[in-house]
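Peer 1: One structure, as structure tokens, below. Some questions next.
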Amino acid sequence: MRQSFKKIEKAIKRWYLMLVVGVIFIVLGIWTLATPVDAYIALSFVFAMGFLVSGITEMVFALSNKHQNWGWSLVLGILSTVVGVLLLINPAASMVTLPLYVGFTLLFRSISGMTAAYDMKQYGILDWGTLMVTAVLGLILSFVLLWNPGFASINVVIWTAVAFIVLGGYSIYFSFELRKLNKLMKEE
Numbered sequence: 026m027r028q029s030f031k032k033i034e035k036a037i038k039r040w041y042l043m044l045v046v047g048v049i050f051i052v053l054g055i056w057t058l059a060t061p062v063d064a065y066i067a068l069s070f071v072f073a074m075g076f077l078v079s080g081i082t083e084m085v086f087a088l089s090n091k092h093q094n095w096g097w098s099l100v101l102g103i104l105s106t107v108v109g110v111l112l113l114i115n116p117a118a119s120m121v122t123l124p125l126y127v128g129f130t131l132l133f134r135s136i137s138g139m140t141a142a143y144d145m146k147q148y149g150i151l152d153w154g155t156l157m158v159t160a161v162l163g164l165i166l167s168f169v170l171l172w173n174p175g176f177a178s179i180n181v182v183i184w185t186a187v188a189f190i191v192l193g194g195y196s197i198y199f200s201f202e203l204r205k206l207n208k209l210m211k212e213e
């Protein structure tokens, strides 16, 4: 079993980072519920800026790594930058696409969470099922957002807040499971 723990030793030592991430998500969720109009405008702006910043970053990455497969990174960086600029120029477009973005982000994070829960099962953590249930809840919420974007647009603030709170709860719970693994590893 020592070999298994060795593979994830670095992640386990920094278990508290997932705790911080979880607290941030929960605070964002509560703020989103408390100030729905401001939250929606802020989310739309952050959404647009996210595309712009990620696009510029990807272009810098591509240009600094020209020797291997840099072409696709450059193309994706240019596309993300253009989308970011267009969304900043047209905030209404940003507000319309926001529910889809949140839905897909939650979908991918939930799938990642299910994988992490399964990994915890492999490492012998008995309470891995709670992690799985939380990730599945996130998956269901993502389908609600993606299945009916019109409904999601009306309720995107509430669903975003719920998604943040679910992700926060998952991250906090996961951090404590990593902490348990850290203690087990130190005992061996």
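Our numbering runs 25 ahead of the 1-based position in the sequence shown. All C-beta atoms in this analysis are idealised placements derived from N, C-alpha and C, irrespective of residue type, glycine included. Bear in mind that the values here come from a model prediction, so they are computed numbers and not experimental data.
How about residue 139 and residue 164: do their beta carbons lie closer than 9 Å?
Peer 2: Yes; because the gap between Cβ atoms is below 9 Å, this pair is in contact.
Peer 1: Within 9 Å (strictly less), CB to CB, does residue 61 reach chain C?
Peer 2: Given the protein chain composition of this structure (a single chain), no chain C is represented.
Peer 1: Along the chain, which unbroken stretches of the alpha helix (DSSP H) at least 4 residues long are found entirely within the segment 59 to 135?
Peer 2: Within the segment 59 to 135, the complete alpha helix (DSSP H) runs of at least 4 residues are 61 to 89, 95 to 114.
Peer 1: If I'm right that residue 129 touches residue 162 with Cβ under 8 Å, what's the distance once you round it to whole angstroms?
Peer 2: Not confirmed; about 17 Å, so no contact.
Peer 1: Look at the alpha carbon of residue 100 and the alpha carbon of residue 78, and state the distance between them as a whole number of angstroms.
Peer 2: Near 15 Å, if we compare the C-alpha coordinates of residue 78 and residue 100.
Peer 1: Cβ atoms of residue 132 and residue 168: under 9 Å apart, would you say?
Peer 2: Contact: yes.
Peer 1: Which class does residue 206 belong to by DSSP, given the choice of helix, strand or coil?
Peer 2: The answer is helix: DSSP assigns residue 206 an H, G or I state.
Peer 1: Going by beta carbon distance, what residues of the same chain come within less than 7 Å of residue 205, once the five residues before and after it are set aside?
Peer 2: Result list for residue 205: 150, in chain order.
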